[in-house]
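K.L.:
Questions regarding the structure given below will be posed in turn.
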Amino acid sequence: AGRTRVVVAGGGYAGLSAFGELADRGPRLELLLVSATPYHYFVTEFPALVAGGVEEEGVRVSLRRFVAARGRLVVGSVDRVEPGPRRLVLAGGESLPYDYLILAVGGEAEFFRIPGAREHGLEVGNPAAARQLAARVAGLVEGGGPRRVVIAGGGLTGVEVAGELAERYPDRLQITVVEAAPALMPGFDPILAREAQRVLEEKGVRVRTGTKIVSVDPAHVHVEQGPALPYDLLVWAGGVRGSPVLARSGLPVTPRGRVKVDPLLRAEGFPEIYVAGDAASFTDPATGQELPPSAQLAVQMGRHAARNLLRRLAGRDEVPFQPRLLGAFATLGGREAVGYVGAGRFTGLPAVVIKRLIEAHHAVETGGLIPVLARYARPWARRL
Ligand code: NAD
Numbered sequence: 004a005g006r007t008r009v010v011v012a013g014g015g016y017a018g019l020s021a022f023g024e025l026a027d028r029g030p031r032l033e034l035l036l037v038s039a040t041p042y043h044y045f046v047t048e049f050p051a052l053v054a055g056g057v058e059e060e061g062v063r064v065s066l067r068r069f070v071a072a073r074g075r076l077v078v079g080s081v082d083r084v085e086p087g088p089r090r091l092v093l094a095g096g097e098s099l100p101y102d103y104l105i106l107a108v109g110g111e112a113e114f115f116r117i118p119g120a121r122e123h124g125l126e127v128g129n130p131a132a133a134r135q136l137a138a139r140v141a142g143l144v145e146g147g148g149p150r151r152v153v154i155a156g157g158g159l160t161g162v163e164v165a166g167e168l169a170e171r172y173p174d175r176l177q178i179t180v181v182e183a184a185p186a187l188m189p190g191f192d193p194i195l196a197r198e199a200q201r202v203l204e205e206k207g208v209r210v211r212t213g214t215k216i217v218s219v220d221p222a223h224v225h226v227e228q229g230p231a232l233p234y235d236l237l238v239w240a241g242g243v244r245g246s247p248v249l250a251r252s253g254l255p256v257t258p259r260g261r262v263k264v265d266p267l268l269r270a271e272g273f274p275e276i277y278v279a280g281d282a283a284s285f286t287d288p289a290t291g292q293e294l295p296p297s298a299q300l301a302v303q304m305g306r307h308a309a310r311n312l313l314r315r316l317a318g319r320d321e322v323p324f325q326p327r328l329l330g331a332f333a334t335l336g337g338r339e340a341v342g343y344v345g346a347g348r349f350t351g352l353p354a355v356v357i358k359r360l361i362e363a364h365h366a367v368e369t370g371g372l373i374p375v376l377a378r379y380a381r382p383w384a385r386r387l
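Right under this line is the structure:
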């Protein structure tokens, strides 16, 4: 018999940590990494990318270099999984058989079927969308006069994009964040969320909480509370859902399109498929709540799924996943950020520094020290 063939689908935070774990700790497995692009993107830095604060080359690392001799990289987008015959089918028709699959294909923007939202709103969360949004922002600020940017959704994505845009283009962009909940960043530390709002308003951002978007036309955002808001650019930061690949594959999904996984991170009813990251709906036994999509948890899930598979291949018992949300940080542009680690709250420059350290740590783990130094040296070099 040949070697056990493990396919890791997805080159994001979850897929990369799963692949790294299997390659470094595993026995002689046949390993494949499937990714829509030949790069791993630091999605946490997309708000800065969108605002033109960093170049695309600075927020990605080569998957070819990452995979190297440890396995094979297949560049192609996943169309579906066929669990019966155990194969992953790519959009081009290529079919990749597997013995075990780690499914980490992430998510996409959630538009909640709000009329006009998908047609007119620009997303942040994937490389092609972020590139397009960055180009639109660059085009917008070139023209004369201030331009109106409406950001739909005041979660962490919306808040970070607002902060980065306001920092870079204080005079050119008139930014409004529209959030349905009574406060920004629902679910985040409320004191820090208030501080984030204060910082944004100080930068000239208008914050409209308690305001629900009900429809979008080419020039206005219509809200339940008050008159329509005119815009030149609409950024859609209203939330994320699981990739359409998941439901298309016949896997058990939640209303938000994520695969229900058991405590071991296996898809319910499909024990040879592990699911990690934004593609997975995991109920935290400690809180009874579904875990939020997060890079930090995606890394933990990917690593855990890989370790469980290795335990299984070695004939040992698998271990339930125990998430550890160590903290969270939101950058607000320039020297402003808010975040917490355990019970400690941070704002301003200390928060910026901690956030940068977290990002640098991830970059070192995935890409090595040199690309990271190159990336961090670049903004300084420009300032000299
Ligand atoms: P989200 O779901 O957290 O936030 C979306 C926001 O849009 C919500 O506050 C929601 O109330 C609002 N919204 C939805 N529909 C609306 C409507 N019709 N009208 C007005 N407001 C509406 O999505 P996100 O901000 O993209 O974040 C996704 C996940 O990624 C979250 O779990 C988040 O914590 C995480 N994230 C983390 C960071 C970080 O750690 N720095 C950054 C970005 C995202």
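Residue numbers (full-length UniProt numbering): 4 to 387.
Ideal Cβ positions, reconstructed from N, Cα and C, are used throughout, including at glycine.
State the DSSP-derived secondary structure class of leucine 387, mapped to helix, strand or coil.
P.N.:
Confidence in leucine 387 is poor, its pLDDT being 47 and thus under 50, which makes the residue's placement unreliable; the coordinate value appears in the next sentence. Here leucine 387 sits in coil by DSSP.
K.L.:
Answer yes or no: the CB of proline 193 versus the heavy atoms of the ligand NAD, is any distance below 7 angstroms?
P.N.:
No - the ligand NAD has no heavy atom lying nearer than 7 angstroms to the Cβ of proline 193.
K.L.:
Which residue comes first and which comes last in the alpha helix (DSSP H) that contains glutamate 33?
P.N.:
Not the alpha helix (DSSP H): glutamate 33 falls in the beta strand (DSSP E), residues 33 to 38.
K.L.:
Please state whether the Cβ-Cβ distance between alanine 183 and alanine 240 is less than 8 angstroms.
P.N.:
Cβ atoms of alanine 183 and alanine 240: not closer than 8 angstroms.
K.L.:
From the DSSP output, read off the bridge partner residues of isoleucine 224.
P.N.:
Going by the sequence as given, residue 224 is valine instead of isoleucine. Val219, Leu232, per the DSSP bridge assignment.
K.L.:
Beta-carbon within less than 6 angstroms of valine 202's beta-carbon, same chain only, minus the 5 sequence neighbours each way: which residues are those?
P.N.:
Leu335, Glu339.
K.L.:
Using the C-alpha atoms, what's the distance from valine 262 back to valine 219?
P.N.:
Using only the alpha carbons, I get a separation of about 30 angstroms.
K.L.:
Have a look at isoleucine 276 and tyrosine 16 and give me their C-alpha separation to the nearest angstrom.
P.N.:
Near 18 angstroms, if we compare the C-alpha coordinates of tyrosine 16 and isoleucine 276.
K.L.:
Can you tell me whether arginine 327 is buried or exposed, with buried defined as 16 or more other CB within 10 angstroms of its CB?
P.N.:
The residue is exposed, with fewer than 16 neighbouring Cβ atoms inside 10 Å.
K.L.:
Assess contact between the stretch 342 to 352 and the stretch 55 to 62, defined as three or more Cβ pairs (one per stretch) separated by less than 8 angstroms. Is contact present?
P.N.:
Contact between the stretch 342 to 352 and the stretch 55 to 62 is absent, because fewer than three Cβ pairs lie under 8 angstroms.
K.L.:
Nearest CA to the CA of leucine 313: which residue from Ile105, Arg175, Val77?
P.N.:
It is Ile105.
K.L.:
Looking only at C-alpha atoms, which of Leu99, Thr179, Ala298 sits nearest to leucine 76?
P.N.:
With distances taken between Cα atoms, leucine 76 lies closest to Leu99.
K.L.:
Compare the C-alpha of phenylalanine 115 against each of Leu136, Glu362, Leu294, Arg259 and name the closest.
P.N.:
Nearest C-alpha to phenylalanine 115: Arg259.
K.L.:
Looking at the strands, I want to know which residues DSSP matches up with glycine 330.
P.N.:
According to DSSP, glycine 330 bridges with Val344.
K.L.:
Return helix, strand or coil for glycine 15, following the three-state DSSP convention.
P.N.:
The answer is coil: DSSP assigns glycine 15 none of H, G, I, E or B.
K.L.:
For a test of the three-state rule: what should DSSP assign to glutamine 135, helix, strand or coil?
P.N.:
Helix.
K.L.:
Scan the stretch 175 to 210 and note each continuous beta strand (DSSP E) run of 3 residues or more that stays entirely inside, going in chain order.
P.N.:
Segments of the beta strand (DSSP E) lying fully in the stretch 175 to 210: 176 to 181.
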